[in-house]
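Engineer:
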Amino acid sequence: MTNQRTEQTRDTAKRAATYLWWQRGIIYQVYPRSFMDSNGDGVGDLTGLISRLDYLRWLGVDAVWISPIYPSPMKDFGYDVADYTAIHRLFGTFADFDRLIREAHARDLKVILDFVPNHSSDQHPWFVESRSSRDNPKRHWYIWRGPGAGGGPPNNWLSCFGGSAWEYDAHTGQYYYHAFLREQPDLNWRNPEVVEEMLNVLRFWLERGVDGFRVDVLWHLIEDDQFRDNPPNPSWREGSDPYQKLIPLYTTDQSEVHAVIARMRHLVDQYQDRVLIGEIYLPVERLVQYYGADLGGVHLPFNFQLLLTKWQARDIARIIGEYEAALPERGWPNWVLGNHDRPRIASRVGPAQARLAAMLLLTLRGTPTLYYGDEIGMHDMEIPPEKVQDPFEKNVPGRGLGRDPQRTPMQWSAAKHAGFTDGEPWLPIAEDYNRVNVEVERDDPASMLTLYNQLIKVRRGEPALEVGRFEPLEADGNLLTYVRRDRESAFLVALNLKLQPQVVNFSNKVPEGRIALSTYLDRSKERLRGNLHLRPEEGLLVRLTE
Ligand code: GLC
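Using my numbering, the first residue of the sequence shown is number 19, and each one after it goes up by one.
1) Along the chain, where does the beta strand (DSSP E) that runs through tryptophan 223 open and close?
2) Any contact of the region 201-209 with the region 222-236, i.e. 3+ C-beta pairs under 8 Å?
3) Going by beta carbon distance, what residues of the same chain come within less than 7 Å of glutamate 489, once the five residues before and after it are set aside?
4) Runs of 3 residues minimum, wholly inside the region 369-440: which ones carry the beta strand (DSSP E) assignment?
5) Look at lysine 516 and glutamate 555 and say whether their C-beta atoms are less than 9 Å apart.
6) Can we say the region 355-372 touches the region 388-400, given the rule of at least three CB pairs closer than 8 Å?
7) Measuring from the CB of histidine 137, is there a heavy atom of the ligand GLC at a distance below 8 Å?
8) Counting C-beta neighbours from all protein chains within 10 Å, is the total for leucine 326 16 or more, i.e. buried, or is it exposed?
9) Hey, quick one: how far does the alpha helix (DSSP H) through tryptophan 40 stretch, first residue to last?
10) With arginine 553 as the anchor, note down where its beta strand (DSSP E) starts and where it stops.
11) What's the call for glutamine 424, buried or exposed, on a 16-neighbour Cβ count within 10 Å?
12) Taking the alpha carbon of valine 134 as the reference point, which residue from Trp40, Ile298, Ser182, Asp80 has its own alpha carbon closest?
13) List, from N- to C-terminal side, the alpha helix (DSSP H) runs of 4 residues or more that fit wholly inside the region 256-335.
14) I'd like to confirm something about valine 275: is its beta-carbon nearer than 8 Å to some heavy atom of the ligand GLC, or not?
15) Sort Ser258, Leu264, Leu236 by Cα distance to arginine 246 and report the nearest one.
16) Can you tell me which of the three DSSP states alanine 482 falls into?
17) Can the beta-carbon of arginine 281 be found less than 9 Å from the beta-carbon of glutamate 342?
18) Hey, would you say the C-beta of tyrosine 97 is under 8 Å away from at least one heavy atom of the ligand GLC?
19) Does DSSP classify tyrosine 194 as helix, strand or coil?
20) Should asparagine 523 and leucine 552 be called a contact, given that it needs their Cβ atoms to be closer than 9 Å?
21) For a test of the three-state rule: what should DSSP assign to threonine 537, helix, strand or coil?
22) Pick helix, strand or coil for aspartate 187, following the three-state DSSP scheme.
23) At a cut of 8 Å, does the region 160-173 reach the region 398-411 through at least three beta carbon pairs?
24) So, under 8 Å CB-CB, leucine 118 and leucine 64 are touching, yes? Tell me the CB distance rounded to an integer number of Å.
25) Runs of 4 residues minimum, wholly inside the region 53-120: which ones carry the alpha helix (DSSP H) assignment?
26) For the alpha helix (DSSP H) that arginine 477 lies in, which residues bound it at each end?
27) Just checking glutamine 202 against the ligand GLC - is the residue's beta carbon closer than 8 Å to any of the ligand's heavy atoms?
28) With respect to 8 Å, is the separation between the Cβ of valine 134 and the closest non-hydrogen atom of the ligand GLC below this value?
29) Give the single residue among Ala335, Asn549, Asn321 whose Cα lies nearest to the Cα of tryptophan 350.
30) Any heavy atom of the ligand GLC closer than 8 Å to the Cβ of histidine 106?
31) Mind checking which residues open and close the alpha helix (DSSP H) that includes tryptophan 159?
32) If you draw a straight line from the alpha carbon of leucine 199 to that of aspartate 540, how long is it in whole angstroms?
33) CB of histidine 142 to nearest heavy atom of the ligand GLC: below 8 Å?
34) Quick check: what's the CA-CA separation for glutamate 484 versus proline 519?
35) On the criterion of 16 or more Cβ atoms from any shown chain inside 10 Å, does glutamate 185 qualify as buried, or is it exposed?
36) Please indicate yes or no: does the CB of glutamate 185 lie closer than 8 Å to some heavy atom of the ligand GLC?
Okay, structure coming up:
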């Protein structure tokens with residue numbers, strides 16, 4: 019090796035070491051009910067997940083975030099926790115959990131748990147106590163209020179799942195607040211005892227070896243202490259999501275939440291190399307506040323812009339620009355393409371554009387989060403009314419708000435029930451599972467899965483793509499172009515969102531390079547000569563040589 023090469027290698031290795039796994043790596047969300055069932059009850063479990071870790075390793079992701087696996091009456095499929103420090107028997111035992119951690123770590127995969135601090139289940143012993151009498155010591159662990167002036171609820175606050183956020187408790191003559199289902203009473207984070215106890219919960223799992231937490235509805239944790247009415251939302255339209263009728267001015271994003279988050283962060287920082295991720299749906303300028311003063315907030319406030327944007331190159335360019343501009347110095351960016359609450363990308367933008375979305379997600383600056391099944395192109399499945407499971411759909415039916423369509427079982431093979439279970443799956447399996455599944459797609463050189471696998475391969479260990487700068491390039495119409503650059507390498511990304519071919523004209527000198535990947539998966543190694551010709555809905559990743 020020449021001296022120069024040795025220097026370069028040392029340089030790259032040094033730089034890699036200065037970034038943490040959650041900065042360079044890729045996060046993969048598993049909705050455990052739907053990932054892999056090992057015991058034939060039709061619901062996925064931890065043993066099933068363990069049996070698929072080799073697949074995740076092969077795919078090339080670095081961390082698995084698992085939606086809640088705690089004991090729960092399952093009114094909101096685990097987001098109603100009845101015991102924060104145990105495992106639901108549906109998913110397995112502590113022995114299975116410890117094995118998951120061991121087996122994941124043996125494969126160099128991190129494990130991120132879902133922490134649900136805003137509310138517990140109404141079956142949680144804390145709430146059972148809290149509602150038992152007005153002077154119970156746990157009364158103020160939840161949010162209780164007497165009726166409003168004219169009788170009825172204390173104020174106009176709405177539940178995200180439809181109807182009032184207040185539920186009357188006849189036994190004690192007061193109402194309790196629930197931002198979600200009535201079976202999900204909100205914990206009172208203004209009470210220091212709650213804070214301490216919930217920090218103990220984090221400690222419990224950190225000691226057990228988890229690598230971090232995705233914190234559920236973090237911007238909801240605290241409400242106005244004067245209980246003021248939320249103002250009406252002038253842009254709300256009849257027939258749309260009833261929760262949007264009011265602006266949640268006094269129920270979300272209260273400034274006091276940041277002190278609570280700082281406590282969580284302080285605790286997590288006592289352990290090595292762990293990550294805190296916050297679920298926060300807010301406009302970018304509010305979102306970035308969750309990095310915290312002096313960056314003592316969450317490491318990654320989830321950036322959901324890609325889930326919400328219009329799928330047009332100029333809109334996407336705009337959200338990238340706004341996000342990059344809003345990030346605090348040393349705030350690490352991240353991007354999310356799908357989750358268990360939102361329509362799947364393949365349904366939202368169509369299968370061809372979903373390939374562009376994959377290239378976008380894996381080449382933007384910041385930690386990418388993928389949602390299980392998106393890597394094989396799973397789509398939202400229409401669920402017949404008698405099979406609906408999601409309480410949101412049951413409460414507010416027929417408005418397209420239900421989340422079952424994006425939670426159908428993972429499609430592993432063309433075998434019965436897509437290889438997900440030997441029993442009756444808890445949600446129906448999408449009709450295309452014969453074609454759209456891991457086994458078939460792994461052997462297909464042009465499949466969505468091959469595209470994801472290749473993209474991840476190109477990205478891995480490539481400082482320009484993992485941690486390099488982001489440089490937007492000017493483009494018109496439905497074309498999105500940018501460069502990712504590090505000291506010794508650079509990549510050009512060109513995404514043609516149009517249904518027609520397009521040429522990328524370089525205003526200055528035409529760069530030199532070789533195509534690393536086309537979303538069509540048929541042009542790698544081709545040399546870049548002159549302007550770049552893109553086919554309809556084609557994305558190109560080009561390794562620049564100068
Ligand atoms: C989060 C979860 C969602 C759940 C809600 C209430 O938004 O992602 O699935 O229903 O919180 O816990």
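Note that the Cβ used here is the ideal one computed from N, Cα and C, for glycine as well.
Structural biologist: Judging by the given coordinates:
1) That residue, tryptophan 223, is in no beta strand (DSSP E); its alpha helix (DSSP H) goes 210-225.
2) no
3) Tyr500, Val501, Arg503
4) 385-389
5) Yes; because the gap between Cβ atoms is below 9 Å, this pair is in contact.
6) yes
7) The ligand GLC has a heavy atom closer than 8 Å to the beta-carbon of histidine 137.
8) exposed
9) The continuous alpha helix (DSSP H) containing tryptophan 40 extends over residues 39-42.
10) It is not in any beta strand (DSSP E) - arginine 553 carries neither H nor E in the DSSP assignment.
11) buried
12) Ile298
13) Entirely contained in the region 256-335, the alpha helix (DSSP H) runs reaching 4 residues are, in chain order, 275-286, 302-305, 323-326.
14) no
15) Leu264
16) helix
17) Here arginine 281 is not near glutamate 342, since their CB atoms are 9 Å or more apart.
18) yes
19) strand
20) No, Cβ-Cβ distance for asparagine 523 and leucine 552 is not below 9 Å.
21) For threonine 537, the secondary structure class from DSSP, reduced to helix, strand or coil, is coil.
22) Strand at aspartate 187.
23) no
24) Taking C-beta atoms under 8 Å as the contact rule, leucine 118 and leucine 64 qualify, at a distance of about 5 Å.
25) 64-69, 71-77
26) 466-477
27) True, at least one ligand heavy atom lies under 8 Å from that Cβ.
28) yes
29) Of the candidates Ala335, Asn549, Asn321, Asn321 places its Cα closest to the Cα of tryptophan 350.
30) no
31) First-last for tryptophan 159: undefined, no H or E at that position.
32) 49 Å
33) no
34) 29 Å
35) buried
36) no
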